[in-house]
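>
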Amino acid sequence: MALYVHKYGGTSVGSVERIKEVANKVIAARERGEQVVVVVSAMSGETNRLVALAHEIDGSPDPREMDVLLSTGEQVTIALLSIALQARGCPAASYTGGQVRIVTDQAHTKARILDIDTERLREDLSAGRVVVVAGFQGVTESGDITTLGRGGSDTTAVALAAALRADECLIYTDVDGVYTTDPRIEPRARRLDRITFEEMLEMASLGSKVLQIRSVEFAGKYNVALRVLSSFVEGPGTLITYEEQGVEKALISGIAFNRDEAKLTVQGVPDRPGVAHAILGPVAAANIEVDMIVQNVAGDKTTDFTFTVNRNDYSRALAVLEGCRSELGAREVTGDTHIVKISLVGVGMRSHAGIASKMFETLANEGINIRMISTSEIKISVVVDERYLELAVRALHEAFQLENSHHAD
4 MALYVHKYGG TSVGSVERIK EVANKVIAAR ERGEQVVVVV SAMSGETNRL
54 VALAHEIDGS PDPREMDVLL STGEQVTIAL LSIALQARGC PAASYTGGQV
104 RIVTDQAHTK ARILDIDTER LREDLSAGRV VVVAGFQGVT ESGDITTLGR
154 GGSDTTAVAL AAALRADECL IYTDVDGVYT TDPRIEPRAR RLDRITFEEM
204 LEMASLGSKV LQIRSVEFAG KYNVALRVLS SFVEGPGTLI TYEEQGVEKA
254 LISGIAFNRD EAKLTVQGVP DRPGVAHAIL GPVAAANIEV DMIVQNVAGD
304 KTTDFTFTVN RNDYSRALAV LEGCRSELGA REVTGDTHIV KISLVGVGMR
354 SHAGIASKMF ETLANEGINI RMISTSEIKI SVVVDERYLE LAVRALHEAF
404 QLENSHHAD
C-alpha cells in the first residue's frame, strides 16, 4: 500500500474553511487506497501573534519557554484537522512532536532532529487511521519541548517520510511548483516537472523561497522523493529527486536571484601573503557571512579586495573594516548596497561549455555591467546593479529559452 506524507503550511490551514478543504484532500487520497500521514504548520499569523505576546513581556525571552509557547500553534491545527476528518467519518489521530517522539538536540528555537520513533504511527496506519502530526517541533531526551526554526514543518515532513520510508513527501504550499524563475519578474516563467536535489538547494539558497533549505538537504541525504504542489490549484507540481541517468537534461533549470546583497571593497592594500585573512578574519569574527570574493592586483603592488555580504550585515561589516583600515594599510573602504546577485542553475552545465560566455554576452547586449562573477559546478552567479535585475532575468530567461520545456543547446 502506497504511503504518502502530506505537509500543509500556514496559509493552507489558515481558517476553519481551509482546514476542512485539507480534510477533503486527505480523504480523497485515502479513497485512492493510500496511507496518509499529515504534517501541519500553525494557522497563518499564529506564530507571529505568539512571538508578539512574549515580546510584550520581555524583549529577549528565554528560548526554552519560547519553544513551549510556539509549539502550541501546531497543536491547535492538528486537533482541528483531526476533528474535521472525524466529522467526515474518517478515523484520525493527532500527535505532538513529543508524542511521536521526534527526538531532537537541545538547541532551543533551532533544534535538529536526531531520531524518530515510528511505532505508534505504524500501528495507527495499520489500523486504517490517518495520522496527523504537529510540524516544527520535537522533544529532547529529557522531555523538553523544542522547535526546529522557521520553516521547520517541511523538515518534520521530510524526516517522517524518511523514517516511514514513504513513497513520496508532498509539500503543499501557496505555489503550484518550482518555476524557472520568479513569475512576478518574468511572466513567461514555466513550472518545472522535475528538478534535482542539487539544483533545488542552489535555487533555495539563492533566494527561491519555495522550500526550507534544511528540508531539501535532509531529503537529499535520505533520498526522499519530494513533490511541491499547491493547496489551492489542482496539478502535478514539481518532483525533486536525484538526477536520472539517460533523461535528457535541460542545460539550465532556472534563474535565481537575491536582492539582499551588498558589496564592500578594501582599496589599495599592500599585495602580500595573508592579506585575504587579514581582511576577512575580523569580518568572520563578527559572525558575518561572506558570499562572493574578487581580488584585483594593480601595477603598484597593491590589491583591491571586494566581497559581498547580506545587506543586513552591511553596516556592521563596514564598521569592522573601517576599524582595521590603518592596520591593513588600505587607502579606503567603499561599499554599495544597490546590487543584486543573479544565478543560472543547472546540472546540465557540468557537461557543457559555453554557458558562461552566453550569459555574459546576453548581459553585454543589454548594456548590463557585471561587477563580480563566481562559478561552481552547477551554477554561475554574477553581481550587477540593482536597477538591472528585471531586465537581466528576462533577457537570460529568453536567451536560454527557459519558457520552452526542451531548451535549445
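Here the sequence shown is numbered in my numbering, starting from 4 and rising by one per residue.
Don't be surprised by glycine CBs; every beta carbon is placed ideally from N, CA and C.
Here the structure is a predicted model, which means the values were calculated and not measured.
#1: Counting only runs of 4+ residues fully inside the segment 80 to 143, write out the alpha helix (DSSP H) ranges in chain order.
#2: Whole angstroms are fine: how far does the CA of Arg187 sit from the CA of His410?
#3: For Met203, is the classification buried or exposed, using 16 other Cβ atoms within 10 angstroms of its Cβ as the cut-off for buried?
#4: Pick helix, strand or coil for Lys344, following the three-state DSSP scheme.
#5: Compare the C-alpha of Val103 against each of Glu380, Ala137, Met46 and name the closest.
#6: State the Cα-Cα distance for the pair Thr159 and Glu330, rounded to the nearest angstrom.
#7: What is the residue span of the beta strand (DSSP E) that Tyr391 lies within?
#8: Measure the beta-carbon distance from Val29 to Leu124 and round it to whole angstroms, keeping in mind my assumption that it falls under 8 Å.
#9: Assuming Met46 contacts Val79 (C-beta within less than 8 Å), just tell me the rounded distance between them.
#10: For Gly417, which residues of its own chain have a beta-carbon under 8 Å away from its beta-carbon, when the five flanking residues on both sides are left out?
#11: To the nearest angstrom, how far is the alpha carbon of Asp412 from that of Val350?
#12: Grab me the residues of Thr112's own chain with a C-beta within less than 7 Å of its C-beta, minus the 5 sequence neighbours each way, in chain order.
#13: With DSSP run on the structure shown, which of helix, strand or coil describes Phe260?
#14: Going by C-alpha to C-alpha distance, which of Ala110, Ser379, Gly223, Gly36 sits closest to Val133?
#15: Quick one: using the 10 Å Cβ neighbour count with 16 as the cut-off for buried, is Gln215 buried or exposed?
#16: Counting only the same chain and skipping the five closest in sequence on each side, list residues whose C-beta sits under 8 Å from that of Lys23.
#17: Am I right that Ile345 and Ile258 are in contact with their C-beta atoms under 8 Å? What's the rounded C-beta distance?
#18: Quick check on this structure: which residue in Arg193, Asp307, Gly141 has the alpha carbon closest to the alpha carbon of Gly101?
#19: Compute the Euclidean distance between the alpha carbons of Ser377 and Met4, then round it to the nearest angstrom.
#20: Anyone know if the C-beta pair for Ile371 and Ala395 falls short of 8 Å?
#21: Is the distance from the Cβ of Tyr175 to the Cβ of Ser233 below 8 Å?
#22: For Asp294, which residues of its own chain have a beta-carbon under 6 Å away from its beta-carbon, when the five flanking residues on both sides are left out?
#23: For my contact list, Val272 and Thr305 are in at a C-beta cut-off of 8 Å; report their separation, rounded to the angstrom.
#24: Grab the span of the alpha helix (DSSP H) containing Phe363 for me, first residue to last.
#25: Does the Cβ of Asn261 have 16 or more other Cβ atoms within 10 Å, making it buried, or fewer, making it exposed?
#26: According to the Cβ coordinates, are Arg194 and Thr241 closer than 8 Å?
#27: Using only the alpha-carbon positions, how far apart do Thr75 and Lys361 sit?
#28: State the DSSP-derived secondary structure class of Phe235, mapped to helix, strand or coil.
#29: Work out the CA separation of Arg21 and Lys10 for me, nearest whole Å.
#30: Distance check for Gln38 and Glu126, CA to CA, integer angstroms please.
#31: Measuring CB to CB, does Ile453 end up less than 8 Å from Val135?
#32: Is it buried or exposed for Leu56, if we count other Cβ within 10 angstroms and need 16 for buried?
The short version:
#1: When DSSP assignments are scanned along the segment 80 to 143, the uninterrupted stretches of alpha helix (DSSP H) that are 4 or more residues long and fall wholly within it turn out to be 100 to 103, 122 to 129.
#2: Model confidence at His410 stands at a pLDDT of 48, short of 50, so the residue's coordinates are unreliable; what they give is reported in the following sentence. One alpha carbon belongs to His410, the other to Arg187, and they sit about 21 Å apart.
#3: buried
#4: strand
#5: Ala137
#6: 48 Å
#7: Where Tyr391 is concerned, there is no enclosing beta strand (DSSP E), given that its DSSP letter is neither H nor E.
#8: Going by Cβ atoms, the distance from Val29 to Leu124 rounds to 15 Å, so no, they are not a contact pair.
#9: 7 Å
#10: Lying outside 4 to 412, the shown extent of the chain, residue 417 is not represented and no answer is given.
#11: Residue confidence for Asp412 is low, a pLDDT of 41 falling below 50, so the modelled location carries little weight; the figure read from the coordinates is stated next. Rounded to the nearest angstrom, the two C-alpha atoms are 14 Å apart.
#12: Pro66, Met69, Asp70, Thr150, Gly152
#13: Here Phe260 carries a strand assignment [DSSP, helix/strand/coil].
#14: Out of Ala110, Ser379, Gly223, Gly36, Gly36 has the C-alpha closest to the C-alpha of Val133.
#15: Gln215 comes out buried.
#16: Ala87
#17: 7 Å
#18: When each option's Cα is compared against that of Gly101, the closest is Gly141.
#19: Distance between the alpha carbons of Ser377 and Met4 is about 47 Å.
#20: yes
#21: yes
#22: The residues Thr311, in chain order, have a CB closer than 6 Å to that of Asp294 in the same chain once the five nearest residues on each side in sequence are set aside.
#23: 6 Å
#24: First-last of the alpha helix (DSSP H) with Phe363: 358 to 368.
#25: buried
#26: yes
#27: 52 Å
#28: coil
#29: Distance between the alpha carbons of Lys10 and Arg21 is about 14 Å.
#30: 12 Å
#31: A query on residue 453 cannot be resolved here, the shown segment of the chain reaching from 4 to 412 and no further.
#32: An exposed status is given to Leu56, since fewer than 16 other beta-carbon atoms sit within 10 Å of its beta-carbon.
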